[in-house]
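Q:
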Amino acid sequence: MAPDLPPVPALVVGVLALGGAFVALLGATGLLRMRTFYDRVHPPTLATSMGLAALALASIVTSSVLGSRTVIHEILLLFFVVLTMPVSMMLLARAAIFRDRVEAYDKSMAAEARAAAEEEAAALAAAQEEAAALARRDLDTGGDDDAVYG
Amino acid sequence: MSTETLGYVLAAAQAMLALAFVMCAYRLIRGPRAQDRVMALDALYLNGLLSIVLLGIRTGTSLYFESALVIALTGFVSTSAVAKFLMRGEVIE
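Residue numbers (numbering that gives the first Met the number 0), protein chains in the order written: chain A, 0 to 149; chain W, 0 to 92.
1) Where does the unbroken alpha helix (DSSP H) through Gly50 (chain A) begin, and where does it stop?
2) Taking C-alpha atoms, which residue in W:Tyr7, W:Ile51, W:Met22 lies nearest to Ala71 (chain W)?
3) Given a threshold of 16 other Cβ atoms within 10 Å of its Cβ, counted over all protein chains shown, does Ser1 (chain W) qualify as buried or as exposed?
4) Apply the 10 Å Cβ neighbour rule to Pro43 (chain A) and answer buried if 16 or more other Cβ atoms are within range, or exposed otherwise.
5) Terminal residues of the continuous alpha helix (DSSP H) containing Gly26 (chain A)?
6) Measure the C-alpha to C-alpha separation of Gln34 (chain W) and Ala80 (chain W) and round it to an integer number of angstroms.
7) Please report whether the beta-carbon of Gly2 (chain A) lies at a distance below 8 Å from any beta-carbon of chain W.
8) Taking only three categories from DSSP, how would you classify Arg57 (chain W)?
9) Mind listing the chain W neighbours of Thr61 (chain A)? Cutoff is C-beta to C-beta under 7 Å, in chain order.
10) Reducing DSSP to helix, strand and coil, say where Gly66 (chain A) ends up.
11) List the endpoints of the continuous alpha helix (DSSP H) containing Leu75 (chain A).
12) May I have a chain-ordered list of the beta strand (DSSP E) segments no shorter than 3 residues that lie completely inside the stretch 22 to 56 of chain W?
13) Go ahead and label Ala46 (chain A) buried or exposed: buried means 16 or more other beta carbons lie within 10 angstroms of its beta carbon, across all protein chains shown.
14) Report yes if the C-beta distance between Ala94 (chain A) and Met86 (chain W) is below 8 Å; otherwise report no.
15) Ser79 (chain W) touches chain A at which residues, Cβ-Cβ below 9 Å?
16) Once you ignore the five residues that flank Leu138 (chain A) on each side, which residues in its own chain have a CB closer than 8 Å to its CB?
17) Output needed in chain order: residues of the stretch 4 to 16 of chain W with a Cβ under 9 Å from some Cβ in chain A.
18) Just to check my reading of the structure: Ala12 (chain W) and Ala52 (chain A) have Cβ atoms closer than 8 Å, yes? What is that Cβ distance to the nearest angstrom?
19) Give a yes or no on whether 8 Å exceeds the smallest Cβ distance from Thr69 (chain A) to chain W.
20) Smallest Cα separation from Leu18 (chain W): which of W:Leu43, W:Ile28, W:Gly30?
21) Is it a yes or a no for the stretch 54 to 67 of chain A touching the stretch 3 to 17 of chain A, going by three-plus beta-carbon pairs under 8 Å?
22) State the CB to CB distance for the pair Gly55 (chain W) and Phe64 (chain W), rounded to an integer number of angstroms; the pair is presumed to be in contact (CB under 8 Å).
23) By a C-beta neighbour count over all protein chains shown, 10 Å radius and 16 as the cutoff for buried, is Glu111 (chain A) buried or exposed?
24) Could you check whether the stretch 34 to 43 of chain A touches the stretch 83 to 93 of chain A, counting it as contact only if at least three pairs of C-beta atoms, one from each stretch, sit closer than 8 Å?
25) Leaving out five residues before and five after Val37 (chain W) in sequence, what residues of the same chain have Cβ atoms less than 6 Å from its Cβ?
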C-alpha cells in the first residue's frame with residue numbers, strides 16, 4: 000500500500016517521511032531517557048517542529064503530485080501545531096514550577112516545625128535534669144536547706 | 000524509487016512511530032509525577048497526529064487531514080486544561 004508516484008517524488012517523500020518519523024522517535028527517546036521534568040520538556044518539541052514539518056512536506060509532495068495541482072493545506076496543520084505547542088508546554092512547565100515551589104515550601108515549614116519541637120524537648124530535658132540534680136542534693140544533705148543554699 | 004520500495008520505507012517510518020508510541024506510553028505509566036504524565040499524553044497526541052499524516056501519505060487521500068487537524072485541536076485544549084488544573088493547586092500529591 001503506497002501512493003503511485005514517479006521515481007523522484009517517491010524518493011523525496013520516502014526521505015522526508017523516514018526523517019520525520021526518526022525525529023519523532025528521537026523526541027520520544029528523549030522523553031523516556033531524560034532525568035528531570037525540566038529536561039523532559041524539551042525533546043517532544045523536536046517531534047513537533049521538525050517531525051511534523053518533514054511529514055507535512057511529504058504529504059504536500061504526495062498530494063500535489065497525485066492531484067496534479069499544488070495542495071498546501073498541510074501548512075495549516077503545521078502552523079497550528081507550531082503555534083499551540085509552546086503555549087501548552089509553557090503552561091505545563093509553569094504548573095510544574097508552581098507545584099515544586101509549593102512542595103518545597105511545605106517541606107521547609109515541616110523542617111522548621113520539627114526543629115522547634117526538638118529544641119523545646121531539649122530544653123525540657125535540661126530542666127528536668129536540673130530539677131533531679133537539685134532533688135539529689137537535697138537528699139544528700141538530709142533536707143537541710145541551709146547546707147545547700149549556705 | 001519504485002512504488003514497492005516506497006511502501007517499505009513508509010512502513011518503516013510507521014514502525015518508528017509505533018516505537019515512539021511505546022516510549023511515550025511507558026513515560027505515561029511510569030510518571031513519576033502528574034506533569035510528566037500530562038506531557039507524555041501530549042507527546043502521544045502528537046505522535047498520533049504524525050501517524051495519521053503518514054497514513055494519509057500511504058493511502059494517497061486527503062481525507063486524513065481533517066482528523067489530524069481535530070487531533071491537534073483536542074491535544075492542545077486538553078493539555079492546557081490539565082496544566083491549568085495542576086496550576087490551581089487543588090490536587091497536590
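By construction, the Cβ of each residue, glycine as well, lies at the ideal position given by its N, Cα and C atoms.
A: In short:
1) Per DSSP, Gly50 (chain A) belongs to no alpha helix (DSSP H) and is neither H nor E.
2) For the residues W:Tyr7, W:Ile51, W:Met22, the minimum Cα distance to Ala71 (chain W) belongs to W:Ile51.
3) Ser1 (chain W) comes out exposed.
4) Classification of Pro43 (chain A): buried, given that the 10 Å Cβ count is 16 or more.
5) Residue range 6 to 32 is occupied by the alpha helix (DSSP H) that includes Gly26 (chain A).
6) For Gln34 (chain W) and Ala80 (chain W), the distance between alpha carbons rounds to 12 Å.
7) Gly is not the amino acid found at residue 2 (chain A); the sequence shown has Pro there. Cβ-Cβ to chain W under 8 Å: yes for Pro2 (chain A).
8) Helix at Arg57 (chain W).
9) Residues of chain W passing the Cβ test: Ile56, Gly59.
10) Three-state DSSP puts Gly66 (chain A) in a helix.
11) Note, Leu75 (chain A): alpha helix (DSSP H), 73 to 139.
12) If you keep only unbroken beta strand (DSSP E) runs of at least 3 residues inside the stretch 22 to 56 of chain W, you get nothing at all.
13) Ala46 (chain A) comes out buried.
14) Cβ distance < 8 Å, so Ala94 (chain A) and Met86 (chain W) count as in contact.
15) Residues of chain A passing the Cβ test: Thr83, Val86, Ser87, Leu90, Leu91.
16) Around Leu138 (chain A): no qualifying Cβ.
17) Under the 9 Å Cβ criterion, the stretch 4 to 16 of chain W contributes Thr4, Leu5, Gly6, Tyr7, Val8, Leu9, Ala10, Ala11, Ala12, Gln13, Ala14, Met15, Leu16.
18) With 8 Å as the limit, Ala12 (chain W) and Ala52 (chain A) do not qualify as a contact, their Cβ atoms being about 15 Å apart.
19) No Cβ of chain W is located within less than 8 Å of the beta carbon of Thr69 (chain A).
20) With distances taken between Cα atoms, Leu18 (chain W) lies closest to W:Leu43.
21) Contact holds: three or more Cβ-Cβ distances are below 8 Å.
22) At roughly 6 Å, the Cβ-Cβ gap stays under 8 Å, so Gly55 (chain W) and Phe64 (chain W) are in contact.
23) Glu111 (chain A) sits exposed, since fewer than 16 C-beta atoms from the chains shown fall within 10 Å of its C-beta.
24) Yes: at least three Cβ pairs fall under 8 Å.
25) Within the same chain, Val37 (chain W) has close Cβ partners Val81.
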